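For the sequence shown, the UniProt record's numbering gives the first residue as 1, with consecutive numbering after it.
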Amino acid sequence: MLDLLIKNGRLVEKDRIYEANIGIKDGKFEVITNPERMLEAAETVDARGNYVFPGIIDCHAHINEPGFTWREDFETGTRAAAVGGTTTLIDMPLNNEPPLTDTDTFERKQELASKKAVVDYSFWGGLVNDNLKDLEPLAQKGVAAFKAFVCPMGESVFTSVNMGQVQEALKILKPQQVISGFHCEEYGIIQENVARAKAEGKNSVRDFLNAHSVLSEYIAAKNIIDISRETGGRVHICHVSHPSVAQIVKDAIHEGLNVTAETCPHYLGFTEDLVIEKGAPAKCTPPLRTKESAEKLWDYVLDGTLSCIGSDHSPADEKEKSNEINTIWTAWGGLNAIQFLLPMMFDMAVHKRGYSPTLLNRTLCYNPAKLFKLYGRKGAFGIGFDADVVIVDPDREWEITKESLMTKNKVSAFEGVKGRGCPTHTFVRGKLVAENGMYKDMFGHGEYIYPVREGVE
Ligand SMILES: [Zn+2]
1 MLDLLIKNGR
11 LVEKDRIYEA
21 NIGIKDGKFE
31 VITNPERMLE
41 AAETVDARGN
51 YVFPGIIDCH
61 AHINEPGFTW
71 REDFETGTRA
81 AAVGGTTTLI
91 DMPLNNEPPL
101 TDTDTFERKQ
111 ELASKKAVVD
121 YSFWGGLVND
131 NLKDLEPLAQ
141 KGVAAFKAFV
151 CPMGESVFTS
161 VNMGQVQEAL
171 KILKPQQVIS
181 GFHCEEYGII
191 QENVARAKAE
201 GKNSVRDFLN
211 AHSVLSEYIA
221 AKNIIDISRE
231 TGGRVHICHV
241 SHPSVAQIVK
251 DAIHEGLNVT
261 AETCPHYLGF
271 TEDLVIEKGA
281 PAKCTPPLRT
291 KESAEKLWDY
301 VLDGTLSCIG
311 SDHSPADEKE
321 KSNEINTIWT
331 AWGGLNAIQF
341 LLPMMFDMAV
351 HKRGYSPTLL
361 NRTLCYNPAK
371 LFKLYGRKGA
381 FGIGFDADVV
391 IVDPDREWEI
401 TKESLMTKNK
411 VSAFEGVKGR
421 GCPTHTFVRG
431 KLVAENGMYK
441 DMFGHGEYIY
451 PVREGVE
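And the structure:
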């Protein structure tokens, strides 16, 4: 007998939608069949009228543990993820103390997460200016990818890398078949722009937006792509905010380079107007751009250039996001975004633009699973895959309020944002972890997901 039957749902795959019953046993997909066939199960959930996704993968999230747990931790971050339909998240190595830049820290962080996480997770490893020797061991240990910054990092203990270090790192990592993701803003341009603005007493939101220019993002991405061409290394451009950056990624893909890229809901559905209106709570880098660029960015989601969409959840507390306490320069740069990745994308893509939910499968399930080598367990309704399931009621209305947020801090640039389409049930390996906007007491259920890289010695 099956443990769980999810019946009558409309299954959303990467290229088709069809009605089916899903049978789950021992946390895996055991059978997927037409809805007429009767299956016996200990428990049954009727998904009639709703869409069913094979779990959402948030490939870019900052959970902040260890070290910065007043912002978020594995309990609060993953419960919010679960409520939003995310069943696997890939956590960033920075905003951690210590940052995840060696295998000892990997083990320590894994232990912390294993006691708290509600959903499954994997880790990005850090690529910083003094850990080239740690890259291969970290890849072998099982990080899903590496993350690096090529811009000034302020007082962060997570250092940025120069282009020489990028080149060396890509050579080291090439045989490991692991991607390196880059926050692209060019060091010199940002440094000069910010220093000049501050010296001239320019402290407005507009000054911040001007300093973090499209040019700086474009040049950094171009440099990274050029080094990928030279070394053959696999690079991933994180959180692309502007179509001109997406276009050089597209050109690189056409050229046959090992280049991929992601974007985030906020670059697709929000503009600099939000930053001007809200100030610090809406500060992130690269910053939100113009309405025209947000509009144009969709073309690159549709054509597969921006193959993944991550939340870039990087929360902070009220003080760090306060306009009264901070200038736009000193305020925390990062958005509270983990819980509304799927609901926002569903509302924007399916309701506002009329795109098929299959686009959401590609950008939130299938592509991230393939790219981060979690496919085989995650990202599809395959028999034997982990039974991660999110049931989405396409008509259910939602609103982002302090009360609806399950994150540790309730400050959000998106407070007051409303939409339609959100999860009713989230299952991780066959276990219900969230239902109708509330998480279940499933802390510790989440497991580390090791990437599978074939052909790596
Ligand atoms: Zn980030």
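From the three backbone atoms N, C-alpha and C, an ideal C-beta is built for every residue, glycine too. Keep in mind the model is a prediction, meaning the values are calculated, not measured.
Worksheet item: Nearest-angstrom Cα distance between L341 and S404?
Response: Each residue's alpha carbon lies about 14 Å from the other.
Worksheet item: DSSP three-state call for K378: helix, strand or coil?
Response: Three-state DSSP puts K378 in a strand.
Worksheet item: Does ligand 1 have a heavy atom nearer than 8 Å to the CB of G334?
Response: In this structure, ligand 1 has a non-hydrogen atom nearer than 8 Å to the beta-carbon of G334.
Worksheet item: Which residues mark the beginning and the end of the beta strand (DSSP E) in which L432 is found?
Response: Per DSSP, L432 belongs to the beta strand (DSSP E) from 431–435.
Worksheet item: Looking only at C-alpha atoms, which of D273, V118, F270, N367 sits nearest to G304?
Response: Of the candidates D273, V118, F270, N367, the one whose C-alpha sits nearest the C-alpha of G304 is N367.
Item to complete: Note down the Cα distance separating T88 from V428, rounded to an integer number of angstroms.
Response: Those two C-alpha atoms are separated by around 8 Å.
Discussion item. Using only CA atoms, which one of Q177, A252, K25, V128 lies nearest to V157?
Written reply: Nearest neighbour of V157 by Cα position, chosen from Q177, A252, K25, V128, turns out to be V128.
Worksheet item: Where does W329 fall in DSSP's three states?
Response: The answer is coil: DSSP assigns W329 none of H, G, I, E or B.
Worksheet item: Taking just the CA atoms, how far does N34 sit from N21?
Response: Rounded to the nearest whole angstrom, the CA to CA distance from N21 to N34 is 6 Å.
Discussion item. Going by beta-carbon coordinates alone, are A169 and G232 separated by less than 9 Å?
Written reply: Contact annotation: A169 and G232 have beta-carbon atoms that are not nearer than 9 Å.
Worksheet item: With 16 other CB atoms within 10 Å as the buried threshold, where does N50 fall?
Response: Classification for N50: buried.
Item to complete: Would you mind giving the Cβ-Cβ distance between I6 and V389, rounded to the nearest angstrom? I have them listed as a contact below 8 Å.
Response: Their Cβ separation, rounded to whole angstroms, is 6 Å, which keeps I6 and V389 in contact under 8 Å.
Practice prompt. Pull up the distance between the alpha-carbon of K171 and that of A221, whole angstroms please.
Written response: Roughly 18 Å separates the two Cα atoms.
Practice prompt. Could you name the residues of the same chain whose beta carbon sits closer than 7 Å to that of P357, not counting the 5 residues immediately before and after it, in chain order?
Written response: V12, I17, Y51, V350.
Item to complete: Kindly indicate the opening and closing residues of the beta strand (DSSP E) around P281.
Response: Run containing P281: none; DSSP gives neither H nor E here.
Item to complete: Taking 6 Å as the limit, tell me which residues put their C-beta closer than that to any heavy atom of ligand 1, in chain order.
Response: Those satisfying the condition are, in chain order, H60, H62, M92, D312, S314.
Discussion item. What does the alpha-carbon distance come out to for the pair N409 and E72?
Written reply: Looking at the two C-alpha atoms, the distance is approximately 7 Å.
Discussion item. By alpha-carbon positions, which one of E111, P343, E40 ends up nearest to G269?
Written reply: Taking only the C-alpha atoms, the option nearest G269 is P343.
Item to complete: Decide if K115 is buried, meaning its Cβ has at least 16 other Cβ atoms within 10 Å, or exposed.
Response: Label assigned to K115: exposed.
Worksheet item: Secondary structure at P93, three-state DSSP: helix, strand or coil?
Response: Looking at P93 - three-state DSSP - the assignment turns out to be coil, as it is neither helix nor strand.
Item to complete: Check whether the stretch 320–333 touches the stretch 205–224, counting contact only when three or more Cβ pairs, one atom from each stretch, lie closer than 8 Å.
Response: Pairwise C-beta distances place the stretch 320–333 in contact with the stretch 205–224, as three or more of them are shorter than 8 Å.
Worksheet entry | DSSP-derived helix/strand/coil call for V128 | Here V128 sits in coil by DSSP.
Worksheet item: Roughly how many angstroms lie between the CA atoms of K147 and A195, to the nearest whole one?
Response: Between K147 and A195, the C-alpha separation is close to 26 Å.
Discussion item. What does the alpha-carbon distance come out to for the pair V417 and E454?
Written reply: Their backbone Cα atoms lie some 43 Å apart in a straight line.
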